[in-house]
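If you read the sequence shown in the numbering used here, its first letter stands for residue 202, the second for the next number, and so on. What follows is a short report on a single structure.
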Amino acid sequence: MLNMPERTYLHLKYTGLNQNKMETKKCYVCGKTPLSKDEVGLTKKIIDKKTVVFYCLPCLAEYLEVTEEELSAKIEEFKSEGCKLFE
Ligand SMILES: [Zn+2]
């Protein structure tokens, strides 16, 4: 058995590695994490490709004053166009 500090260290190390790999994003408004590929892709597509601020679907909908359904439809539209941001 590992003692507590070691376990915490290993956990942080593992989580850190995982974050780098997955590029874990957090919602700027509500703090939801991780955001889905669709949410990240949509934020980039709508706000800016180089944005450092990301939104989850409900918060992005509120920010843009549209419904989540409209955003979901947009995601499908962008995907069908072959948008690279959603791969
Ligand atoms: Zn949010």
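Idealized CB from N, CA, C, for every residue including glycine.
Cβ-based burial, residue i [other Cβ within 10 Å; buried from 16]
i: Thr244; result: buried
i: Lys222; result: Low confidence applies to Lys222: its pLDDT is 46, below 50, so where it sits in the model is not reliable enough to give any reading.
i: Cys231; result: exposed
i: Lys251; result: exposed
i: Lys194; result: With the chain running from 202 to 288 in the structure shown, residue 194 is simply not present.
Inter-residue spacing [alpha-carbon to alpha-carbon] between residue i and residue j
i: Phe279; j: Phe287; result: 8 Å
i: Gly367; j: Glu269; result: No information on residue 367 is available, as it lies outside the stretch 202 to 288 that the chain covers here.
i: Ile276; j: Lys238; result: 10 Å
i: Cys260; j: Cys228; result: 8 Å
i: Glu266; j: Lys226; result: 22 Å
Under 7 Å between C-beta atoms of residue i and residue j
i: Leu236; j: Phe255; result: yes
i: Glu240; j: Cys257; result: yes
Just list the alpha helix (DSSP H) runs in the region 220-271, keeping only unbroken ones of 4 residues or longer that don't cross its boundaries, in chain order. Listed in chain order, they are 238-247, 258-265.
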